[in-house]
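Right, one structure below, let's go through it.
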Amino acid sequence: MSELSIKIRVADRDYPMRVSPQDEERLRMAGRLLSERIKEFRDQYGIQDKQDLLAMIALSTMADQLKVSKEKDGTDAALTERLARLDELLSGVVLV
């Protein structure tokens with residue numbers, strides 16, 4: 066499978082990457098979203114230093130990811146519990 070050579074611009078710097086064709090759009094979208102978040106944080110907090118902005122975005126993103134992961138774990142546990150209960154109920158059904 067061939068790879069593409071692309072450049073993703075983040076905080077006024079180009080980052081060359083080699084990616085598979087199916088990953089290209091996802092990475093370009095990530096770059097656009099990151100640029101939007103940089104602008105949002107710059108406007109919201111009045112910070113101009115790119116290193117500080119990127120660190121704040123990284124921290125915020127990781128916190129969001131941990132929250133989503135925790136919520137997913139709770140959802141998975143609830144689903145597992147419901148499936149176990151359904152299995153119990155179906156085990157008691159007698160077909161004639």
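Position in the sequence shown (first residue = 1) + 65 = our numbering.
Note that CB positions come from ideal geometry on N, CA and C, so glycine has one too.
Model, not experiment: these values are computed from the prediction.
Subject >> Own chain, CB closer than 8 Å to Ile122, minus 5 neighbours either side, in chain order >> reply: Leu99, Arg102, Ile103, Phe106
Original post:
Does the beta-carbon of Leu118 have 16 or more other beta-carbons within 10 angstroms, so that it is buried, or is it exposed?
Top reply: Counting of Cβ neighbours within 10 angstroms places Leu118 among the buried residues, the total reaching 16 or more.
Original post:
Would DSSP call Leu155 helix, strand or coil?
Top reply: DSSP places Leu155 in helix when its eight states are reduced to three.
Subject >> Identity of the residues DSSP links to Asp129 by a beta bridge >> reply: None, per the DSSP bridge assignment.
Subject >> When Ala76, Ser85, Val133 are compared against Ile112, the one with the closest alpha-carbon >> reply: Closest by C-alpha distance to Ile112, out of Ala76, Ser85, Val133, is Ala76.
Subject >> Backbone secondary structure at Ser134 - three-state DSSP >> reply: helix
Original post:
CA-CA distance, Val159 and Glu153?
Top reply: 12 Å
**OP:** With Ser70 as the anchor, note down where its beta strand (DSSP E) starts and where it stops.
**Re:** 69-75
Original post:
What separation, rounded to the nearest whole angstrom, lies between the Cα atoms of Leu155 and Lys135?
Top reply: 30 Å
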